[in-house]
Amino acid sequence: RKNILEYDEVMEHQRQKFYGLRQRVLEGREVRDLIFDYIGDAIDDAVKLYLNSEYPAECVAEYAREQFDFTVLPEKLRSKDATEMDIAVRRIATEEARHMIDVTLGEYIPIEGAEISVDFDSAGLVNWAKSRFGMDLDAAEIRQGGIAERNAVFNLLCEAAHKSIEKTELPKIAEFTAEHYGVGKLIEWCKAKYGIELEQAEVLEAIADEDRTPQDLILDKAEELYTKREIEYPVEFVMQLTMSQARQNPQQALAQLANWANRRHGFDWTEETIKTTPPAKIREQLLEASEVFVKENVIEQEVKAAQAFEDDEALDAHFAERFGIGLPDAMRFLEPDERPDAIRARVENLLRAELLYLERSILLEVLDSTWKDHLYGMDQLRDAIGFRSFSQQDPRIEYKREGATLFTQMDQTVRDKVTDFIFKARINPAQMAGPGGPGGPPQGPQGAPPARAPAQAGGGGVGGGGGNIVGPGLG
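Residues in the sequence shown are numbered from 1 upward in steps of one, following UniProt numbering.
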């Protein structure tokens, strides 16, 4: 029983961390901060990779492995220029080829005095030499399989390998060792992953700057890009949703748009105002108001204002007056330490509804699928860990160590997937045109899996499953 508890302790720790994170996402509490934690970690890893002084050597080593099918350690290519790397790669590849030939010949030609005897396989040797080095051996000349024949074949194959290595062109070595190659790859990574445009001079200046690192530069650009999205996305979303609903019920669609604009930005719009105003003008006014809303950090102001109310009745009255919807039962009678987070989640669900819905959908989709894969991996580890005792290792210690490694890998997978999608994905409002509209929570997509359906903390704002996400890799 003690052993069972020790094994379960690993999973219990992982469950607490995972479901704590998932609950935070479900509640919609500081989801933007979570996403930028992921973005910051991804940027930090990318900068450490591409701006590492050994990055060119690592690229050349991988390139050599692809060309020659031999392992070349990056450490052996340190502090070398293109010509020196070319010479070193060919020398190492030749040495590796000789070693591989010597070992492989032992599988076809028996060695006198060896502890393990093998049958002489001249046909297999001929086929291997042809496929590996393009060399035609005469089976009749090596039919004896003795030491002399073995040495002769070894020399022939080594010579063929050497010629093949020497005549192979390695043009990319010059590319990998070009000045600022890593900087260029970092710029490409930022463009592909986040759509961030960087100039080489900016990155080089940040490298030389003691006060502002390349990580700071890229993170600032990401903040700017995401702030732009926070300004534009809610407006684009609500305009598209209104147009979709207007095909079915124009009066209701206009009323909900007016209600949304009045609650969010303090407008005094009516249905008639929207009817008599061109859509382009409506969009322009909403974008201007949204820019003020984001740059003045209105959400934080609303959070502090709501947290200032000490009792539920006063808070309920405040929410009813400000947002047109009071407190849900789940927010009443909270413990003092739970109340601030619950209020923050409630306000963010009401004032970041559109983008929060997208963020939450992506996070839950990635978290749930990755957690399922992780549980399967942990089950496999648990089934096989007992065999570690044969190698004088304590299965319990190894299970904890490898389980922690798997959990870290899962966390990195979540980070990579979320940061891949978050700047590119979008919600298709046309599929969500329902009774809720922009002024209230629209219905979730038909057939959305319950486990993936983002809950709405406090009920306000947009909720539902991730089935309407559109973007690279998301369908």
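Ideal placement from N, C-alpha and C gives every residue a C-beta, glycine not left out.
Minimum C-alpha distance to residue i - residue among the options
i	options	result
I231	P214, N52, R264 and D69	R264
E296	P336, T227 and N127	T227
M410	E149, V126 and Y376	Y376
E95	G326, P279, K163 and K424	K163
R91	D102, R247, T273 and A64	A64
E313	V414, G324 and R332	R332
I427	T273, D383, M239 and V347	M239
F36	P395, L363 and P278	L363
F423	T413, G134 and A192	A192
residue 483	Q14, I165, Y50 and E284	Residue 483 lies beyond the residue range present for the chain, which begins at 1 and ends at 475; the question has no answer from this structure.
E223	T413, I43 and L26	I43
N52	G124, V72 and R78	R78
G40	T213, Q393 and A384	T213
residue 526	L367, H99 and R150	This structure gives no information on residue 526, because the portion of the chain shown stretches from 1 to 475.
Beta-carbon contacts of residue i that lie in its chain and below 7 Å, excluding the five residues immediately before and after
i	result
R352	I299
L257	V238, T242, I274 and P438
Q307	P340 and I343
Q67	T168 and L170
E6	R396
E284	none
E294	According to the sequence as given, residue 294 is Val; it is not Glu. These residues qualify, in order along the chain: T227, E230 and I231.
K76	A88 and I92
Cut-off 8 Å between Cβ atoms - residues of its own chain near residue i, not counting five sequence neighbours on either side
i	result
D45	none
P74	E54, A57, E58, V60 and A61
Q251	E271
E179	none
L406	H374, G377, M378 and L381
A317	G326
E12	none
G386	P395
P450	For P450, the pLDDT reaches just 34, beneath the cut-off of 50, and the residue's location in the model is therefore unreliable, although a value from the coordinates is still provided. If we look at P450 and ignore the five residues flanking it on each side, it has no Cβ neighbours.
M135	A129, L156, L157 and A160
Residue i at chain D interface by Cβ criterion, 8 Å
i	result
D379	Structure shown: chain D not included; a single protein chain is present.
Same chain, Cβ closer than 6 Å to residue i, five either side skipped, listed in chain order
i	result
A261	F267 and W269
A289	H265
V10	K400 and G403
F176	P56, C59 and V60
A82	I173, A174 and T177
D420	none
Q14	F407
Residue j beta carbon less than 8 Å from that of residue i
i	j	result
V292	I343	no
L254	K221	no
F154	L204	no
A129	L137	yes
V47	Q215	yes
L217	E202	yes
A93	K80	no
A97	C158	yes
A152	I101	no
A131	P429	One detail in the question is off: residue 131 reads as Ser in this sequence, not Ala. Not a contact, by the Cβ cut-off of 8 Å.
Y181	L355	no
G195	L219	no
V31	R360	yes
L34	R24	yes
G28	E365	no
Y38	R388	no
L350	F309	no
Y50	W189	yes
L186	V235	no
E408	T370	What sits at residue 408 in the sequence shown is Thr, not Glu. No.
- Message: Quick check on the DSSP output: what are the complete alpha helix (DSSP H) runs of length 4 or more inside the segment 180 to 247, in order along the chain?
- Response: 181 to 194, 200 to 208 and 214 to 246
- Ordered list of alpha helix (DSSP H) runs contained in the UniProt domain "SecA Wing/Scaffold" (1 to 96), each at least 4 residues: 2 to 27, 31 to 50 and 55 to 68
- Task: Just list the alpha helix (DSSP H) runs in the UniProt domain "SecA Wing/Scaffold" (282 to 425), keeping only unbroken ones of 4 residues or longer that don't cross its boundaries, in chain order.
- Result: 298 to 307, 312 to 323, 339 to 351, 353 to 384 and 395 to 421
- Sequence ranges, alpha helix (DSSP H) only - wholly within the segment 121 to 180, length at least 4: 122 to 133, 147 to 167 and 172 to 176
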